[in-house]
Structures are given as C-alpha cells and as structure tokens.
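Here's the structure, in structure tokens; my notes come after.
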Amino acid sequence: MVDNVADRSPSGLTLHLVPEPVWRAQADAQEYRPEAFAEEGFVHCTDGEALLIEVANRYYRADPRPFLALDVDLARIAARAVYEDAEQRYPHIYGPIEREAVVRVRRMERADDGAFTSIGESLA
C-alpha cells in the first residue's frame, strides 16, 4: 500500500497567531479558544515562521493590537488536527488547545507601519 501524502495528519510543532489581549484574557483557563472559534469550530494554525509572518501581514496588518505566536505541540492536544489545504501548510485543530500543548509564546515584532517583520524571543 502506497502512503498518500494527502492523507497525512499534521504532527510536531505548529504555530498559532493570537492577539495578545485574547491570550491574556484566557490566562486562567485550562484550554485556549481563539476569538472566532464559536463561529468557525476550529483553530487556524500555520507551519513555519516565515509563513506565519506572511499570514499575519495578509490578515492582521491593520489590526493595531499586539500579537503573539504560540508554538503548539500537536502531540499534546486531544482534538483532531487536519490539513485541509492542498499544500499541507495550514493545519486546523478541531477543538480547543490545552495550555500544556503551548510549549512557547513569542511576541510578533512589527514595523512602524504595522507590518509584521519577525517573531521575537520567548516571553518570560
């Protein structure tokens, strides 16, 4: 039987972009849910730092809030994670993200014009 790349589930680390106030507002919760979770039913993620910066600029450049990048260990989540894009770069997690699955939180760095430029060091 030939392994079909399209049937592979995401694994390892993936990244999730979140406005810092949204993350901080859920600091005491055991699970994290993004702002649009109730409407969409899943958590958007992105594989790779350069791609996350690209996504941030495409969708959130005009949003003045500070943003964070969450490093999510897919082995530590209970929900199903799947790729639904042909390039398999954007996993969707069909459930909340458990706090213990977030292995690192980093600030998204921005230029004066609002453009996202890089991902900073881990927050303390």
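Counting from 145, one number per residue, gives the positions in the sequence shown under my numbering.
Glycine is no exception: its CB is placed at the ideal position from the N, C-alpha and C atoms.
Specify, as a first and last residue, the run of the beta strand (DSSP E) that residue i falls within.
i	result
GLU253	246-254
PHE211	211-217
Residues in its own chain within less than 6 Å of residue i by CB, not counting five upstream and five downstream?
i	result
ARG224	TYR238
Using a Cβ-Cβ cutoff of less than 8 Å, which residues in the same chain neighbour residue i once the five nearest sequence positions on both sides are dropped?
i	result
ARG243	ALA173, GLN174, GLU175, TYR176
VAL226	SER153, PRO154, PRO235, HIS236, TYR238
ILE221	ILE237, GLY239, ILE241, GLU242, ALA245
Roughly how many angstroms lie between the CA atoms of residue i and residue j, to the nearest whole one?
i	j	result
MET133	PHE260	Examination of residue 133 is not possible in this model, given that the chain is present from 145 through 268 alone.
SER266	VAL166	18 Å
Where do the ends of the alpha helix (DSSP H) carrying residue i lie?
i	result
TYR204	193-204
PHE181	181-184
Look at residue i and residue j and say whether their C-beta atoms are less than 7 Å apart.
i	j	result
ARG248	ASP215	yes
ALA194	ARG250	no
Give me the Cβ distance between residue i and residue j, rounded to the nearest whole Å; I'm assuming they're in contact under 8 Å.
i	j	result
VAL199	LEU161	7 Å
Just to confirm my understanding: we take residue i, look at its own chain, exclude 5 residues before and 5 after, and list those with CB closer than 7 Å. What are they?
i	result
ASP217	LEU157, ALA245, VAL247
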